[in-house]
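Listed in order, the protein sequences are those of chains A and B. Under my numbering, think of the first position of the first sequence as 1, with each following residue one higher. Under my numbering, think of the first position of the second sequence as 328, with each following residue one higher. Cβ coordinates follow ideal geometry from the N, Cα and C atoms, glycine included. A quick note: this is a predicted structure, and the numbers were derived from the prediction, not measured. Working notes, beginning with the structure itself.
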Amino acid sequence: MRDFSYFRAASTEEASRATLDAGAMLLAGGTTLLDLAKCGVTEPDTLVDITHLAGLGDMTVDANGATIGALAKMGEVADHPGVKAAFPAVAQSLSLAASAQLRNMATIGGNLLQRTRCSYFREPGVFPACNKRNPGSGCSAIGGVTRNHAVLGTSRACIAVNPGDLAVALVAFDAYVEMGRRRVAIEDFYMLPGETPDWETVLKKGEIITGIAIPASPAAKNSTYLKVRDRQSYEFAAASAAVGIEFEADGKTVRDIRVALGGVATRPWRARAVEQSLIGTVLNVEAVEKASRLSVEGAVSHGGNRYKIELAPRVVARAILTMGGLA
Amino acid sequence: MTIMETRKHGDAADGMVGGRFSRLDGKLKTTGGATYALEQPVKNLVHAVLVQSTIAAGRVVAVDAGKAKAAPGVLSVFTPEDDLGLLVASDWFGNRPDNQPFHPLPREVSFNGQAIAAVVAETLEQATEAAKLVKVSYEETQPVTGLDDPNAGEGRLVDMLSVGWGDAEAAYAAADIRIEAEYRTPREYHVPIEPHGLTVKWEGDFLTVWEPSQWTHGMARTYAEWFNIPADNVRIVSPFIGGGFGSKAMGYTYSAVAAAAARKLGRPVKLAVTRPQTFTAYGGRAATRQTIRIGATKDGVLQAIVHRGASETSVLADFPEQTGAATPLLYAVPNLSTQHRLVPVNTVTPGALRAPGKNPSAFGLESAIEELSYAIGMDPLELRLRNYADHDYQSGKPWSTRQLREALTVGAEVFGWSKRSHEPRSMRDGRQLVGWGIGCGTFPVLKAASEALIRILGDGSVEVVSGAIDMGQGTYTILAQTAAEVLGVPAEQVDVKLGDSSLPGATVAGGSMLAGAITGAVHKAATAARDELIGLALNDSNSPFRDTGANTLVIADGRISVPRGEGPSLTLAELMSAIGRDRIETQRNTLPEGANGPEDHKRSWTTMANIEGPTAGDLSMHSWCAHFVEVKVDEDFGTVRVSRVVSAFDCGRIYNPKLAESQWRGGIIMGIGQALLEEGLIDERFGRVINNNMGDYLVPTNADIPHIQVISVGIPDHDASVLGGKGVGEVGIVGVAPAIANAVFHATGKRVRDLPITLEKLI
Ligand SMILES: Cc1cc2nc3c(=O)[nH]c(=O)nc-3n(C[C@H](O)[C@H](O)[C@H](O)COP(=O)(O)OP(=O)(O)OC[C@H]3O[C@@H](n4cnc5c(N)ncnc54)[C@H](O)[C@@H]3O)c2cc1C
Ligand code: SF4
Chain A
1 MRDFSYFRAA
11 STEEASRATL
21 DAGAMLLAGG
31 TTLLDLAKCG
41 VTEPDTLVDI
51 THLAGLGDMT
61 VDANGATIGA
71 LAKMGEVADH
81 PGVKAAFPAV
91 AQSLSLAASA
101 QLRNMATIGG
111 NLLQRTRCSY
121 FREPGVFPAC
131 NKRNPGSGCS
141 AIGGVTRNHA
151 VLGTSRACIA
161 VNPGDLAVAL
171 VAFDAYVEMG
181 RRRVAIEDFY
191 MLPGETPDWE
201 TVLKKGEIIT
211 GIAIPASPAA
221 KNSTYLKVRD
231 RQSYEFAAAS
241 AAVGIEFEAD
251 GKTVRDIRVA
261 LGGVATRPWR
271 ARAVEQSLIG
281 TVLNVEAVEK
291 ASRLSVEGAV
301 SHGGNRYKIE
311 LAPRVVARAI
321 LTMGGLA
Chain B
328 MTIMETRKHG
338 DAADGMVGGR
348 FSRLDGKLKT
358 TGGATYALEQ
368 PVKNLVHAVL
378 VQSTIAAGRV
388 VAVDAGKAKA
398 APGVLSVFTP
408 EDDLGLLVAS
418 DWFGNRPDNQ
428 PFHPLPREVS
438 FNGQAIAAVV
448 AETLEQATEA
458 AKLVKVSYEE
468 TQPVTGLDDP
478 NAGEGRLVDM
488 LSVGWGDAEA
498 AYAAADIRIE
508 AEYRTPREYH
518 VPIEPHGLTV
528 KWEGDFLTVW
538 EPSQWTHGMA
548 RTYAEWFNIP
558 ADNVRIVSPF
568 IGGGFGSKAM
578 GYTYSAVAAA
588 AARKLGRPVK
598 LAVTRPQTFT
608 AYGGRAATRQ
618 TIRIGATKDG
628 VLQAIVHRGA
638 SETSVLADFP
648 EQTGAATPLL
658 YAVPNLSTQH
668 RLVPVNTVTP
678 GALRAPGKNP
688 SAFGLESAIE
698 ELSYAIGMDP
708 LELRLRNYAD
718 HDYQSGKPWS
728 TRQLREALTV
738 GAEVFGWSKR
748 SHEPRSMRDG
758 RQLVGWGIGC
768 GTFPVLKAAS
778 EALIRILGDG
788 SVEVVSGAID
798 MGQGTYTILA
808 QTAAEVLGVP
818 AEQVDVKLGD
828 SSLPGATVAG
838 GSMLAGAITG
848 AVHKAATAAR
858 DELIGLALND
868 SNSPFRDTGA
878 NTLVIADGRI
888 SVPRGEGPSL
898 TLAELMSAIG
908 RDRIETQRNT
918 LPEGANGPED
928 HKRSWTTMAN
938 IEGPTAGDLS
948 MHSWCAHFVE
958 VKVDEDFGTV
968 RVSRVVSAFD
978 CGRIYNPKLA
988 ESQWRGGIIM
998 GIGQALLEEG
1008 LIDERFGRVI
1018 NNNMGDYLVP
1028 TNADIPHIQV
1038 ISVGIPDHDA
1048 SVLGGKGVGE
1058 VGIVGVAPAI
1068 ANAVFHATGK
1078 RVRDLPITLE
1088 KLI
């Protein structure tokens, strides 16, 4: 039996200090952590429980935007009237994620740090080669079953998808991840796998996500999260898109547009090329479809995931057309 | 035997046979009161955890168990080095090689995920952790990973499964309209909500096994033979089962390991197969491929069907998933030929999964029929009716009952089929393409004998006792109804005891035959009990009926009285007390006289050798169904959602419509999963199923399931069973997947011939 110790932190500082120990891990909702512990992927020596920390679950939404504490539950945020009004795509990304039971347990902080669903990553006893788990050991997925692997942002070392939905919406609307006093734009929070796929975010040892901040914007207010998958519910995205559009006073010309993709990339993927090509234009189906194809520029297939290169632009296009009243 | 007046199903308001009775075990299950095999509170228990192979073919060179043995709490590590002292047990038909040793933890590895070691420790956590420390070294050989492996070959022809009449090849060649296509189904898994496992305990030479079991007597025999002990020394206890679907009808290698470990260690052992391990601890449905050629006239009269199918099996044993099982049965065709091949690959031996054979077979045939309907521009409903088989062409025998025409016409009516426009891509709902499709299904009536005991107790209550099982299909409930009807008592007054091999013998809960078999036995035993009670009432010197001059009595609503009501009327309890009896006990079975000795019992309860097929007599007996499905397809994304299902069934007389409908719906839901989601993804480099968990092997959620309307069009079939029912449990899944594939074609114009129909196949 693997013994581990359990420590309930009394303050963020205490939690932070406790996680400086090698082998210590923060425990929030536990839905990623315990799952991976059962798979044998994470083997913490100490669990530092932060779920009792006061104030970390607070949410406020005002004219400037939303601040959401790291311990807020996925379900709470999804149902929050302020979030739903000012950031529909954010609320939808959460309500379309996982299952009701998981959303009631899982926290926003933990959500941002969920790990890939790569099957090879999740079976260490069978597939020793996994650079993300065991740097330098190789990648078992390449050459294997890659239906759910990334086509964007991959490297020779790793092609695993970042499967989260929320982060996609956050990337679209320039949210920040707050780690106490340190604040990082969410796009910079996630790293490409490169040669070091084990290193997924800029979070440092001992750092705790305290919350996220999402600046208000007209595009965020007029937004949607479209998630496409074989199963109607309770499945990760085959491809997803967060899209928000602000129109000029004429109600037609695009002043600002945000596009991000999920389910297809090694990190939440902002599609700036799509945005650039549509800003200042009046949307029409053909132009949107053409622009959406820019979302997969540079995409690489590994066989089983080839369909994602076809699917992702269609999802982006549909989301844009929906927000533009053309779908 | 009393002839029971048959009622039309579902119209009985009294809760007797035919009534809409809720499941008697429902409350126990939903409130957590039902104790499952792995929850048995057994003292002094230790835990076994399996170690499965990580290669698909080769041999175990060495197992380094040093670290595992040294881990805290570990009692023992079993490896291929250990001779567990077991013997090979009989197959399903009772055939058994003499004194052949059985090594459930073999040295030869024949598939990835094969159990090769087991760790036993004081706690589950200790055993789980220690299992990770077991280091196995292998000598690998090149595996054959599936039907498409270049080294798989075309397989071995299974002669027994070749069916033919007329000259199919010639008739096909001469036909005006010819279609030909290949259809495929992947490996599919049972994934019951209760994963497999067992708790075992030895007391001297007596073995008690708490294990979910679709067949307590058959499994008891297996254990007895493994351990070379008398059959009566083994008791399988399985009152509740969290779903089986065919996967819980036999002892598996891990069962033997757990029982052997318990014997070696002198402690009760619990072995819980983890969800990932269940994907290779026993077999799911084998992958299949089949080519179908149909020849027809221009106006849609079938001339020939030529069918060539294959399924994979393991390198250890043959388990054909018969792709031709439904092919000869559904339509009138003057020339037919089907053949099936078995292709050994490095997989766990496949097993029976809801409607084995019939299911993939119907996927091929019912897809092909609609392909023909588009080729000739004829409505697929009309095409099916035009080729309606008025008798069984394969056996040449008349059907016992076949309400498939009614199923098709009633189903069509309720579905609104006449509003369909035939052209593919011609129906829309906003952005979504709408498609309608039909799939017919069939499942044979299998007959077997069973035995039951009835007790009328002093307080007037009734007990029904049998070793038959209830895995959720409703055995408890329909047996209470059966006994209540015969004995004239309210069903609440009947207590049913099942799921224990020490109780009277019963056939396997498989092949949709248990209900027919066991209601027959209960009916017979209850009738005997009633006759005995009435006899006592008329003749016992203390009975108030003795002097009434009546020559028979009636029992109704729990009271016994003289016909036409002149004279005394007593509750059963009052009568029992008057005649001074605390019980009346009758045990009866449905074996024929003259073949009812101990050997016959053993053969009937513990093997499948005495099971009669659908054409054993003068008739051909089957259940039938027709599914009507509507799908909506978002063509940009390739996503398919089933938006409506209407299915009409002929399963003969329905003993309890509520339960039967639930079985049908369950089958249809599984069919939706099979059509759209379910597939074991095999990494061909390793021959391993990599989506071996419920997060990655997807089955439908509530959100995937629309309203499903099920209709019974059956009529009592007393050739099929004593009470007139035909099989209910399996036919529901048969025909669902082709109905969906047909609807997808109608919606999109794209024909998907390999399941599941996932989005990448449509974009
Ligand atoms: C079956 C299943 C289906 C799912 N489907 C989806 C889906 O469709 N879409 C989707 O987006 N997600 C999905 N998820 C993922 C789910 O959203 C995450 O598991 C969940 O959000 C994690 O939150 P948690 O609070 O439980 O995190 P935990 O498991 O407690 O923690 C996760 C990780 O984050 C660390 N951590 C937690 N909080 C902090 C903090 N404040 N600061 C620093 N580190 C921290 C932990 O140490 C751990 O390493 C699914 C999960 C499962 C199990
Ligand atoms: S894709 Fe990444 S996570 Fe998956 S096996 Fe390769 S390195 Fe590991």
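- With contacts defined by Cβ atoms closer than 8 Å, Leu321(A) and Val285(A) form a contacting pair.
- Between Ala150(A) and Val168(A), the gap from beta carbon to beta carbon reaches 8 Å or more.
- Bridge pairing for Pro135(A): absent [DSSP].
- Per DSSP, the continuous alpha helix (DSSP H) segment holding Phe606(B) begins and ends at 602-608.
- Closest in C-alpha terms to Asp867(B), from the list Thr834(B), Ile906(B), Glu709(B), comes Ile906(B).
- Here the alpha carbons of Ser745(B) and Glu939(B) stand approximately 40 Å from one another.
- One finds Asp230 in chain A with Cβ atoms closer than 7 Å to the Cβ of Leu1003(B), taken in chain order.
- Remark: C-beta atoms of Ala810(B) and Val789(B) approach each other more closely than 8 Å.
- Straight-line measurement puts the Cα of Thr966(B) at about 13 Å from the Cα of Tyr307(A).
- The set of residues with CB atoms less than 5 Å from any heavy atom of ligand 2 reads, in chain order, Cys118(A), Tyr120(A), Phe121(A), Cys130(A), Asn131(A), Lys132(A), Cys139(A), Ser140(A), Ala141(A), Cys158(A), Ile159(A), Ala160(A).
- With contacts defined as CB atoms closer than 8 Å, Pro707(B) and Ile765(B) qualify as a contacting pair.
- Under the 8 Å criterion on CB atoms, Ala1030(B) is classed as interfacial with respect to chain A.
- Burial of Pro895(B) is indicated by the presence of at least 16 other C-beta atoms within 10 angstroms of its C-beta.
- If you draw a 10 Å sphere on the C-beta of Gly473(B), you find 16 or more other C-beta atoms in it, and that means buried.
- Flagged as an interface residue toward chain B: Glu310(A), by a C-beta distance shorter than 8 Å.
- As DSSP reads the structure, Lys774(B) sits in a beta bridge with Glu939(B).
- Judged by DSSP in its simplified three-state form, Asn878(B) adopts coil rather than helix or strand.
- Boundaries for Gly622(B): no alpha helix (DSSP H) harbours it, while the beta strand (DSSP E) harbouring it runs 615-623, taken from the DSSP string.
- The closest CA to that of Thr580(B), considering only Thr624(B), Ile506(B), Gln441(B), Ala454(B), is found on Gln441(B).
- Taking a cut-off of 8 Å on C-beta distances, the stretch 756-772 of chain B touches the stretch 1062-1082 of chain B, as three or more cross pairs fall below it.
- At least one heavy atom of ligand 1 falls within 7 Å of the beta-carbon of Gln114(A).
- Residues of chain B with a Cβ closer than 8 Å to the Cβ of Ala78(A) do not exist; the shortest Cβ-Cβ separation is about 16 Å.
- The alpha helix (DSSP H) runs lying completely inside the stretch 488-550 of chain B and spanning 4 residues or more are 495-501, given in chain order.
- With a threshold of 16 other beta carbon atoms within 10 Å, His634(B) meets it and is buried.
- The count of Cβ pairs closer than 8 Å, one atom from the stretch 138-157 of chain A and one from the stretch 1036-1045 of chain B, stays below three, leaving the stretches out of contact.
- The count of Cβ pairs closer than 8 Å, one atom from the stretch 591-611 of chain B and one from the stretch 799-818 of chain B, stays below three, leaving the stretches out of contact.
- Against chain A, the beta carbon of Leu773(B) has no neighbour under 7 Å; the closest one sits roughly 34 Å away.
- Within chain B, Pro399, Gly400, Thr450, Glu452, Gln453, Glu456 have C-beta atoms less than 7 Å from the C-beta of Met1(A), given in sequence order.
- Using a Cβ-Cβ cut-off of 8 Å, Gly143(A) counts as an interface residue toward chain B, since at least one Cβ of chain B sits closer than that to its own.
- In terms of Cα proximity to Val171(A), the closest of Arg183(A), Gln101(A), Leu71(A), Phe189(A) is Phe189(A).
- Distance from the Cα of Met1(A) is smallest, within the candidate group Arg115(A), Asp45(A), Ala18(A), Arg270(A), for Asp45(A).
- In the DSSP assignment, the residues bridged to Phe7(A) are Val48(A).
- Boundaries of the beta strand (DSSP E) harbouring Pro215(A): 211-215, taken from the DSSP string.
- Short of 6 Å from the beta carbon of Thr31(A), and not among the five residues preceding or following it, lie these beta carbons of its own chain, in chain order: Leu102, Met105, Ala106.
- Within the stretch 283-311 of chain A, those residues whose Cβ lies closer than 7 Å to any Cβ of chain B are, in chain order, Tyr307, Glu310, Leu311.
- The beta carbon of Gly125(A) sits closer than 8 Å to some beta carbon of chain B.
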